[in-house]
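One structure is given below, encoded as structure tokens.
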Amino acid sequence: MPKEVVYTLDAVPPLKTFSQAIISKGFVYVSGNIGCTKDFQIVEGGVQGQTVAALESIRSILHAAGSGLQHVVKANVYLTNLTADFSEMNRAYMAFFDEQAMPARTCVGVASLPLGASVEIECVAELPDA
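All letters in the sequence shown, in the order written, are residues 59 to 188 by this note's numbering.
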């Protein structure tokens, strides 16, 4: 089964160097999303606002792929200020997932992110009917 490219107008458009997501062997691999608008402006609200915007974009991509946030099995979160932003990011992040079935996750501090973003999130989700 060949890989399938996922694209939706409902999410932040990808750059030419990557796809919004790829479906392969029953999983959706979603590229990193930062908290920006469709015209690449960082949203207001600090790390919480950016986390919400990133996860809303991811939700749209997963929906276009035939999946959803409830099917996320692994997430990777990148923060430019891990010490200062970890708790605030978690507050926004937890609103998108069932507290009793949180996905596996890694959260790391990084030197910088595109467009000066504070947070970037990528994930892998199951396709429910695969």
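Even for Gly, the Cβ is constructed at its ideal location relative to N, Cα and C.
Query                                                                                                                                                                                                     : Result
Using 8 Å as the cut-off, can you tell me whether the stretch 126-139 makes contact with the stretch 153-170, which would need three or more C-beta pairs spanning the two stretches below that distance? : yes
Return yes when the Cβ of V88 is within less than 8 Å of the Cβ of M181, no when it is not.                                                                                                               : In the sequence under discussion, the amino acid at residue 181 is Cys, which differs from the Met named in the question. Against a cut-off of 8 Å, the Cβ pair of V88 and C181 comes out as a contact.
For the beta strand (DSSP E) containing F63, list its first residue and its last residue.                                                                                                                 : Just to set this straight, residue 63 is Val in the shown sequence, not Phe. Where V63 is concerned, the enclosing beta strand (DSSP E) stretches over E62 to V64.
Answer with buried or exposed for S176, where buried requires no fewer than 16 other C-beta atoms within 10 angstroms of its C-beta.                                                                      : buried
Considering only the alpha carbon of each residue, which of P60, M59, M147 and V101 lies closest to I179?                                                                                                 : M147
Let's see if you can read the secondary structure: which residues bound the alpha helix (DSSP H) around G90?                                                                                              : Segment F85 to I92 is the beta strand (DSSP E) holding G90; no alpha helix (DSSP H) there.
May I ask you to list the residues that DSSP assigns as paired with Y151?                                                                                                                                 : Partner(s): none; Y151 has no beta bridge.
Taking just the CA atoms, how far does G174 sit from D97?                                                                                                                                                 : 15 Å
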